[in-house]
Amino acid sequence: MPLVNARGLRSDEPSCAPEPPWSRPEPFGAWVRLDDRTLLAVDHALAKRLGVPSGQPIDPSAPPRPLEVHLAVNARCHAPCADCYLDARPDGAEPSTEDLRARLVAVRERGASTVAFGGGEPLLRDDLGELAAFARSLGLVPVMTTSGFGLREERAEELCAFAQINVSHDGVGGAYASVRGFDGARIAERAIEILARQKIPVGVNVVLTRRSFEQLEATAERVADLGAGELQLLRYKPQGRAAGIGYFEARLSTTQREALWPAITAIVHRRRLSVRIDCALVPLLSEALAAEPRAAEMLASLGVFGCEAGRHLGGIDVAGRDAPCSFSPSSHEEIERFRAYHANPPEPCASCTLFSVCRGGCQVVSRHATNDFRPDPECPRVRRTEASP
Numbered sequence: 228m229p230l231v232n233a234r235g236l237r238s239d240e241p242s243c244a245p246e247p248p249w250s251r252p253e254p255f256g257a258w259v260r261l262d263d264r265t266l267l268a269v270d271h272a273l274a275k276r277l278g279v280p281s282g283q284p285i286d287p288s289a290p291p292r293p294l295e296v297h298l299a300v301n302a303r304c305h306a307p308c309a310d311c312y313l314d315a316r317p318d319g320a321e322p323s324t325e326d327l328r329a330r331l332v333a334v335r336e337r338g339a340s341t342v343a344f345g346g347g348e349p350l351l352r353d354d355l356g357e358l359a360a361f362a363r364s365l366g367l368v369p370v371m372t373t374s375g376f377g378l379r380e381e382r383a384e385e386l387c388a389f390a391q392i393n394v395s396h397d398g399v400g401g402a403y404a405s406v407r408g409f410d411g412a413r414i415a416e417r418a419i420e421i422l423a424r425q426k427i428p429v430g431v432n433v434v435l436t437r438r439s440f441e442q443l444e445a446t447a448e449r450v451a452d453l454g455a456g457e458l459q460l461l462r463y464k465p466q467g468r469a470a471g472i473g474y475f476e477a478r479l480s481t482t483q484r485e486a487l488w489p490a491i492t493a494i495v496h497r498r499r500l501s502v503r504i505d506c507a508l509v510p511l512l513s514e515a516l517a518a519e520p521r522a523a524e525m526l527a528s529l530g531v532f533g534c535e536a537g538r539h540l541g542g543i544d545v546a547g548r549d550a551p552c553s554f555s556p557s558s559h560e561e562i563e564r565f566r567a568y569h570a571n572p573p574e575p576c577a578s579c580t581l582f583s584v585c586r587g588g589c590q591v592v593s594r595h596a597t598n599d600f601r602p603d604p605e606c607p608r609v610r611r612t613e614a615s616p
């Protein structure tokens with residue numbers, strides 16, 4: 228009888244999983260990827276036991292290399308989302324297949340493990356499956372975010388090389404429309420169902436706003452019913468079109484920020500979905516976590532390690548330019564500004580017990596609110612510090 232693996236494929240069916248496992252030497256030992264979802268930091272002794280090649284000596288003072296790179300595969304999209312971080316349009320730019328293959332090679336040469344395809348709307352590309360398969364051939368793990376627009380069963384069959392596809396669904400009960408300005412919830416839900424039927428791991432991205440937050444737990448239950456396995460909670464960020472539509476009115480209220488951690492723990496305790504927390508949300512949780520023992524370790528267990536921009540995360544925009552993350556301007560100078568800020572943060576961040584999993588909060592928000600690199604202005608601890616004489 229054929230065995231069934233973790234992706235739901237029988238042993239006699241073709242698999243898109245990469246072989247052999249990926250590894251990258253580091254001053255502390257190595258990063259080792261056991262499978263598409265498991266990346267471990269190991270010391271030198273364990274790296275040697277696992278057969279990780281040591282390679283050339285590594286300079287501990289060298290800038291960190293990204294583990295994940297967000298690759299914009301186009302700036303085209305037919306969805307009229309009011310909060311689009313890229314201001315994508317139907318006639319937006321789209322790199323050639325050859326250009327994207329070259330960028331994938333560059334991602335591999337930087338030592339990254341994961342490449343996240345984004346847009347725009349990636350599904351508007353006819354070569355998406357081919358590009359994902361090419362990424363696999365380079366030893367990369369390809370993932371993707373989509374609105375679900377245009378996804379059909381036959382198209383989903385072409386996407387088996389993706390380790391996970393995340394569908395944007397900001398909420399049931401009108402929450403989707405409140406965030407994006409139109410109701411595409413049914414399109415997102417159909418995409419989740421299609422991907423689940425194709426045995427492609429599917430996650431759901433939920434952008435939290437003042438109007439969508441009240442539906443968060445109901446949304447989690449709904450997408451779990453449809454076949455999603457992961458919920459990724461994202462902070463609303465003032466970038467692209469979202470910067471000009473009243474960010475301060477759309478962001479979570481003080482009461483909602485206080486209710487965020489209880490809502491997250493309620494979803495986790497139901498054990499229907501794994502939950503990932505946007506690093507930009509950590510400042511909003513600082514008050515709720517103040518009384519939690521080992522709060523930083525707990526967040527790290529949820530895959531939260533603070534703002535990774537310019538460190539373990541990198542971005543490549545639609546023109547092929549490097550960026551600290553997909554929400555930040557593209558330039559090497561911008562990357563260095565992020566690194567300098569994280570290396571020498573001001574108070575109250577420098578002495579905060581959550582700094583290792585926050586790293587000063589979201590600088591996209593800070594610069595929108597203060598026009599400078601500063602501690603996240605929505606963090607309760609920052610607010611108290613700035614309010615004190």
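One point on numbering: in the working numbering, the residue at position 370 of the sequence shown is 597, and numbering is uninterrupted. Cβ coordinates follow ideal geometry from the N, Cα and C atoms, glycine included.
For the set ALA268, ARG437, ALA477, GLY456, the Cα lying nearest the Cα of ARG498 is the one of GLY456. Looking at the DSSP output, GLU457 shares a beta bridge with GLY430, SER501. The region 547-565 and the region 481-496 do not touch, with fewer than three beta-carbon pairs separated by less than 8 Å. Nearest neighbour of ASP310 by Cα position, chosen from GLY473, GLU444, LEU351, GLN459, turns out to be GLY473. By the CB criterion at 9 Å, ARG449 and VAL406 fall outside the cutoff. At the C-beta level, LEU327 and LEU386 stay beyond 9 Å of one another. Residue VAL370 holds the alpha-carbon nearest to the alpha-carbon of LEU350 among LEU277, VAL584, VAL370, SER364. Taking a cut-off of 8 Å for Cβ pairs, the region 565-577 and the region 589-604 touch, as three or more such pairs fall below it. The three-state reading of DSSP puts ASP452 in helix, counting H, G and I together. Three or more Cβ pairs drawn from the region 333-344 and the region 292-299 lie within less than 8 Å of each other, which places the two stretches in contact. Across the structure, GLY454 and GLU420 are spaced so that their CA atoms are roughly 6 Å apart.
By the neighbour-count criterion, in which 16 or more other beta carbons inside 10 Å mark a residue as buried, PRO520 falls on the exposed side. Between ILE543 and ALA333, the C-beta gap is smaller than 9 Å, which places the two residues in contact. Residue environment: PHE409 is assigned as exposed (fewer than 16 neighbouring CB atoms within 10 Å of its CB, all protein chains considered). Each residue's CA atom was taken as its position, placing ALA402 and ALA577 some 37 Å apart. Looking at the backbone, the Cα of ARG352 and that of GLU574 are separated by about 46 Å. The shortest CA-to-CA distance from GLY588 to any of GLU535, GLU485, ARG424 is the one to GLU535. A straight-line Cα-Cα distance of about 26 Å links CYS552 and ARG610.
Three or more beta-carbon pairs separated by less than 8 Å are not found between the region 521-531 and the region 473-489, which leaves the two stretches without contact. Distances from the alpha-carbon of THR580 to those of SER615, ALA517, GLU613 put ALA517 closest. Between VAL399 and ALA412, the CB-CB gap stays under 9 Å.
In the structure shown, TRP258 adopts extended strand secondary structure according to DSSP, grouped into three states. Counting only the Cα atoms, ALA546 lies some 21 Å from ARG292.
No residue range can be given for VAL279, since it is assigned to no alpha helix (DSSP H) and is classified by DSSP as neither H nor E. From the listed residues GLY537, GLY377, ALA507, the smallest Cα separation to ARG337 is found for GLY537.
Here DSSP, grouped into helix, strand and coil, assigns HIS396 to coil. The alpha-carbon of PRO287 is positioned some 38 Å away from that of VAL394. DSSP places ASP326 in the uninterrupted alpha helix (DSSP H) bounded by 324-336. A straight line joining the alpha-carbon of THR446 with that of SER374 spans about 16 Å. Under the criterion of beta carbons closer than 8 Å, GLU476 and GLN425 do not qualify as touching, at roughly 39 Å. C-alpha of ALA451 to C-alpha of VAL429: approximately 10 Å in a straight line. Close CB contacts of GLN590 within its chain, under the 6 Å cut and outside five residues either way in sequence, are with PHE600 (chain order). Annotated three-state conformation of ALA486 is helix, per DSSP. Minimum Cα-Cα distance from ARG264 among the listed residues ARG303, ARG379, ALA320, PHE389 corresponds to PHE389. Residues of the same chain with a CB within less than 7 Å of the CB of ARG330, apart from the 5 flanking positions on each side, are LEU298, ILE543, GLY547 in chain order. Per DSSP, VAL300 is not a residue of any alpha helix (DSSP H), being assigned neither H nor E.
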